[in-house]
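Only one structure is covered here, and it is reproduced in the block below.
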Amino acid sequence: MPQPLIDIRKLTVDFDTGRRIVRALHGVDLAVQPGEAVGLVGESGSGKSVTWLAALGLLGSRARLGGQVLFEGRNLVGSAVAELEAVRGACIAMIFQDPSSSLDPVYRIGKQLGEALQLHRGMAGTAALAEAARLLDRVGIADARRRLGDYPHELSGGMNQRVMIAMALAAEPQMLVADEPTTALDATIQAQILELLQEIRRDTGMALVLISHDLGVVAENTDRVCVMYAGRIVEDAPIGTIFAEPAHPYTRGLLSALPELTGPRRRLVAIPGVVPEPWNLPRGCSFAPRCAAFEAACEAAAPASVEVAQGHWAACIRAGGRNL
Amino acid sequence: MNAPLDAPLVQAENLVRHYRVRRGGRLFGEHATLRAVDGVSFALQAGRTLGLVGESGCGKTTTARLVLGLLTLTAGTIRVDGEILPGAGTARWRSLRQVMQMVFQDPLAALDRRVAVGRQVMEPLAIHGIANAGERRERALAILHSVGLQAHHFDRYPHELSGGQRQRVVLARALILSPRLLVCDEPISALDVSIQAQVVNLLLDLQAERGLAYLFISHDLRMVRQVSHEVAVMYLGRIVEQGDPDLLFAAPAHPYTQALVSAIPVATERGRKRLILKGDPPNPVSVPPGCAFHTRCPMAVARCRAETPALRLLDDGRRVACHLAPGMADA
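Residue numbers (the working numbering), protein chains in the order written: chain A, 1 to 324; chain B, 1001 to 1331.
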């Protein structure tokens, strides 16, 4: 196994709400190899975003972290702000769902890009301007020179997301974490942005973590997928495997809840019930109350992740043929 | 429509809604016309579902609001059971509104946070002066039960319910007047994947039990196919393709429908060739001349820039507005 680019080990996050302490992540293990594309899927509140915000130290003082996030041999959990800042943006960049709220509305695009270039590459003046124009051109914005003078509100949602990607590329990072990058965009614009991310990855060999609630988006753009539920990774498998042989009942449930675009129409198989609240998790396996394969043993303890096939892990007591 | 008995529940003919705006958003800017809906026609039979799809700004929601009479028409007519929809605010319109209800995308915004959900479900009965207090409560409990909620939910407040439960409350409130048409504007977009399937199944069950007709608006083509008997694809205020959803999504005829279908990420077919459109949809204030789609269409020819294609019937029963659609090249 080659040395992973980033290795998250037993990461836990507790939020202090003032009244109580709520655990949002229950020990997440996730390693990303250089150049690899990993998808993270799950419903709202499952911990997809929190995992990466925690890894990059972006959660603020209300969050208490446990476990390790190893990047180039250093543990980012608990490191000083200066050390985190050397990694954030420079080595690992992150883009978010709503580009227009990530960009500052009162500054021109060129100035915001210039800031990133100054910060990460020490560029200023005409050199920064030329590089900013090159980056905009790189992300497919026509007439880049002129666009540098635009404000975010003068650009469409898709264009603003391109600007965010350009900014993320400013420091030539080794990895990009894209948190629902196309959720706020229309279908045809989503296709453009995903195509752009693919193209950049082909050219730069950058690793990609794609966080999405859409299994289809992840399937087309990553090599491996981690399915999260209630603060845990419940299944981790190569893309081809997860659709052909899902091992966790939650993954199977998600797949049968999705309608198809062609072929015969079938009634959707909904997962009953709702996602549990983080302060009110059921005993044992968090998915047990909604699970079609529930048995008494599920309530004994949260199941550990087991390797059901090469590179395919699932956290279910029935996974791996032990009880099937 | 000579025989009202055979008339569709809703017949929309050439709906037009224009807005006068100032160009550039400036106070002294030149006047311009925003063509939100520009000649939309369809018929919706009782007990059937018409899906409206398209990207933001294509006029889906405006069409829905026109159908309910919540917006006044610039031109065109809407008939409900063969009767022309009376103006909003008139007594006849109010009584027709019992027949036509709306379900919105964000259930939390559609509900009053300070009022227990049971009272909100009963409210339409009070507004229309139906039944006495005891009967209203009984009916509300019955309708909550039929959308999959229980009696103890009656006294809960919206924040105490999950997203899926809130959308069930919104549905219950819309159904309590026993409408014949529900206009659903992105009813499941705000819900998680596992909950979307629950709500879609509920919508289908309610349709089977009550013979409801749905005008179902969504950007999710797969969900639209799941619920619709017919689908209409809109682009910049016009319908560009309309017909049987199985046919339309399996073999789209209009290049815009092709692009929409091809933009859907498919889990099982990696690396397929997809049709990626260039640029953003044009501003509806300056709709391109000719075919409005020609600026982004990979197949556009000279004629597309000059002549607006009409919606024409193809042999397989669908309608397409494209000069180059198969079987229409010489039309």
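We treat Cβ as the ideally placed atom computed from N, Cα and C, and that holds for glycine.
Can you find a CB in chain A that lies within less than 8 Å of the CB of Phe1249 of chain B?
-> Position 249 of the second sequence, counted from the first residue, corresponds to residue 1249 of chain B. Yes, contact with chain A.
Limits of the alpha helix (DSSP H) - the one that Arg134 of chain A falls within | Counted from its first residue, the first sequence places residue 134 of chain A at position 134. Where Arg134 of chain A is concerned, the enclosing alpha helix (DSSP H) stretches over Gly125 to Arg138.
Does DSSP classify Gln3 of chain A as helix, strand or coil?
-> Residue mapping note: residue 3 of chain A aligns to position 3 of the first sequence, counting from 1. DSSP places Gln3 of chain A in coil when its eight states are reduced to three.
Can you tell me the Cβ-Cβ gap for Ala90 of chain A and Arg201 of chain A, rounded? I've got them flagged as a contact below 8 Å.
-> As a working mapping, residue 90 of chain A is identified with position 90 in the first sequence. As a working mapping, residue 201 of chain A is identified with position 201 in the first sequence. Incorrect: roughly 18 Å between the Cβ atoms, too far for contact.
Chain-ordered neighbours of Ile271 of chain A on chain B, where CB pairs are closer than 7 Å | As a working mapping, residue 271 of chain A is identified with position 271 in the first sequence. Going along chain B in sequence order, the residues near Ile271 of chain A (Cβ under 7 Å) are Ser1194.
Given a limit of 7 Å on CB to CB distance, which residues of the stretch 201-232 of chain A reach chain B?
-> His213, Asp214, Leu215, Gly216, Val217, Ala219 and Glu220
Looking at chain A, which residues of the stretch 1161-1176 of chain B have a Cβ within less than 7 Å of any of its Cβ atoms?
-> Ser1162 and Gly1164
Between Ala93 of chain A and Glu195 of chain A, what straight-line distance do the alpha-carbon atoms span, to the nearest angstrom?
-> In the first sequence, the residue the question calls residue 93 of chain A occupies position 93. In the first sequence, the residue the question calls residue 195 of chain A occupies position 195. Between Ala93 of chain A and Glu195 of chain A, the C-alpha separation is close to 18 Å.
Can you tell me which of B:Gln1165, B:Tyr1235 and B:Leu1070 puts its alpha carbon nearest to the alpha carbon of Gly1039 of chain B?
-> Looking up residue 1039 of chain B in the second sequence gives position 39. If we check each option's Cα against that of Gly1039 of chain B, B:Tyr1235 comes out closest.
Is Cys298 of chain A helix, strand or coil by DSSP?
-> Here residue 298 of chain A refers to the residue found at position 298 of the first sequence. Helix at Cys298 of chain A.
Check whether the Cβ atoms of Ala166 of chain A and Leu113 of chain A sit closer than 8 Å, and answer yes or no.
-> Residue numbering aside, residue 166 of chain A sits at position 166 when the first sequence is read from its first letter. Residue numbering aside, residue 113 of chain A sits at position 113 when the first sequence is read from its first letter. Yes. Within cutoff.
Using a Cβ-Cβ cut-off of less than 9 Å, list which residues of the stretch 187-202 of chain A approach chain B; keep chain order.
-> Ala187, Thr188, Ile189, Gln190, Ala191, Gln192, Leu194 and Glu195
Give every residue of the same chain whose Cβ lies closer than 8 Å to the Cβ of Ile1084 of chain B, excluding the five residues on either side of it in the sequence, and list them in chain order.
-> Here the question's residue 1084 of chain B lines up with position 84 in the second sequence. Cβ within range, chain order: Thr1077 and Ile1078.
C-alpha distance - Asp1244 of chain B paired with Pro1255 of chain B, whole-angstrom precision = Counting from one through the second sequence, the residue named residue 1244 of chain B turns up at place 244. Counting from one through the second sequence, the residue named residue 1255 of chain B turns up at place 255. Going from the Cα of Asp1244 of chain B to the Cα of Pro1255 of chain B covers about 17 Å.
Within-8 Å CB hit, Thr241 of chain A to chain B | Taking the first sequence and counting its residues from 1, one reaches residue 241 of chain A at position 241. With 8 Å as the cut-off, Thr241 of chain A does not count as an interface residue toward chain B.
Report the rounded CA-to-CA distance for Arg1065 of chain B versus Leu1071 of chain B, giving the unit in angstroms.
-> Start at 1 with the first residue of the second sequence, and residue 1065 of chain B comes out as number 65. Start at 1 with the first residue of the second sequence, and residue 1071 of chain B comes out as number 71. Cα-Cα distance, rounded: 6 Å.
Note the first and the last residue of the continuous alpha helix (DSSP H) segment covering Gln1011 of chain B.
-> For the purposes of this step, residue 1011 of chain B is identified with residue 11 of the second sequence, where counting begins at 1. Premise fails: Gln1011 of chain B lies in the beta strand (DSSP E), Val1010 to Arg1022, not in any alpha helix (DSSP H).
Check each candidate in A:Leu176, A:Leu210, A:Val227 and A:Val217 and name the one with the smallest Cα separation from His204 of chain A.
-> What you label residue 204 of chain A is simply residue 204 of the first sequence in a count that begins at 1. The sequence given here has Thr at residue 204 of chain A, not His. If we check each option's Cα against that of Thr204 of chain A, A:Leu176 comes out closest.
Within-8 Å CB hit, Met1346 of chain B to chain A = Outside the shown range of chain B, which is 1001 to 1331, sits residue 1346 of chain B, and nothing can be said about it.
Test item: CB-CB of Ala1007 of chain B and Val1067 of chain B under 8 Å = If you number the second sequence from 1, residue 1007 of chain B lands on position 7. If you number the second sequence from 1, residue 1067 of chain B lands on position 67. Not in contact: Ala1007 of chain B and Val1067 of chain B (Cβ atoms no closer than 8 Å).
Does the beta carbon of Ile193 of chain A fall short of 7 Å from some heavy atom of the ligand MN?
-> The ligand MN is absent from the structure shown, which contains no ligand whatsoever.
Report the rounded CA-to-CA distance for Leu1181 of chain B versus Leu1221 of chain B, giving the unit in angstroms.
-> In the second sequence, residue 1181 of chain B corresponds to position 181, counting from 1. In the second sequence, residue 1221 of chain B corresponds to position 221, counting from 1. The alpha-carbon atoms of Leu1181 of chain B and Leu1221 of chain B are separated by roughly 21 Å.
Could you tell me which of B:Glu1230, B:Ile1264, B:Leu1009 and B:Thr1061 sits nearest to Leu1248 of chain B, measuring between CA atoms?
-> Here residue 1248 of chain B corresponds to residue number 248 of the second sequence, with the count starting at 1. Selected option, being the one with the closest Cα: B:Glu1230.
Give a yes or no on whether the minimum CB-CB distance between Arg19 of chain A and chain B is below 8 Å.
-> Counting from 1 along the first sequence, the entry for residue 19 of chain A is found at position 19. Taking Cβ atoms only, chain B never reaches closer than 8 Å to Arg19 of chain A, which makes this a no.
Reducing DSSP to helix, strand and coil, say where Pro1255 of chain B ends up.
-> For the purposes of this step, residue 1255 of chain B is taken as the residue at position 255 of the second sequence. Residue state, collapsed to three classes: helix.
Range of the contiguous beta strand (DSSP E) that encloses Phe71 of chain A | Within the first sequence, residue 71 of chain A is the residue found at index 71, counting from 1. Ala63 to Phe71 is the extent of the beta strand (DSSP E) around Phe71 of chain A.
Using a C-beta to C-beta distance shorter than 7 Å, which residues of chain B count as neighbours of Pro259 of chain A?
-> Your numbering for residue 259 of chain A matches position 259 in the first sequence. Those are Arg1222, Met1223, Arg1225 and Gln1226, listed as they occur along chain B.
Beta carbon of Leu1096 of chain B nearer than 8 Å to that of Leu1215 of chain B = Translated into the one-based positions of the second sequence, residue 1096 of chain B becomes position 96. Translated into the one-based positions of the second sequence, residue 1215 of chain B becomes position 215. Their beta carbons are not under 8 Å apart, which means Leu1096 of chain B does not touch Leu1215 of chain B by this criterion.
Other residues of its chain near Ile189 of chain A: CB distance less than 6 Å, five sequence neighbours each side excluded | The residue you call residue 189 of chain A lines up with position 189 of the first sequence. So the list reads Gly158, once near-sequence residues are dropped.
Among A:Gln198, A:Gln161 and A:Ala247, which one has its Cα closest to the Cα of Gly35 of chain A?
-> Translated into positions along the first sequence, residue 35 of chain A becomes position 35. Taking only the C-alpha atoms, the option nearest Gly35 of chain A is A:Gln198.
Interfacial residues, the stretch 1053-1075 of chain B to chain A, with Cβ spacing under 7 Å = Glu1055 and Ser1056
If the cut is a Cβ gap below 9 Å, which residues of chain B does Val274 of chain A touch?
-> Sequence index remark: in the first sequence, residue 274 of chain A carries index 274 (1-based). Ser1162, Gly1163, Gly1164, Gln1165, Asp1192, Ser1194 and Ile1195, listed in chain order.
Which residues in chain B sit within 7 Å of Gly253 of chain A, going by Cβ to Cβ distance?
-> Taking the first residue of the first sequence as position 1, residue 253 of chain A is located at position 253. Near Gly253 of chain A (Cβ distances below 7 Å), the residues of chain B are Ser1194.
What residue range is occupied by the uninterrupted alpha helix (DSSP H) comprising Met1223 of chain B?
-> The count along the second sequence starts at 1 and reaches residue 1223 of chain B at position 223. Per DSSP, Met1223 of chain B belongs to the alpha helix (DSSP H) from Leu1221 to Val1227.
From Gln1165 of chain B to Leu136 of chain A, what does the alpha carbon distance come to, in whole angstroms?
-> Residue 1165 of chain B sits at position 165 when you count from the first residue of the second sequence. Residue 136 of chain A sits at position 136 when you count from the first residue of the first sequence. Approximately 44 Å, taken between the alpha carbons.
Can you give the Cα-Cα distance for Arg267 of chain A and Glu1209 of chain B, rounded to whole angstroms?
-> Counting from 1 along the first sequence, the entry for residue 267 of chain A is found at position 267. Counting from 1 along the second sequence, the entry for residue 1209 of chain B is found at position 209. When rounded, the distance between both Cα atoms is 16 Å.
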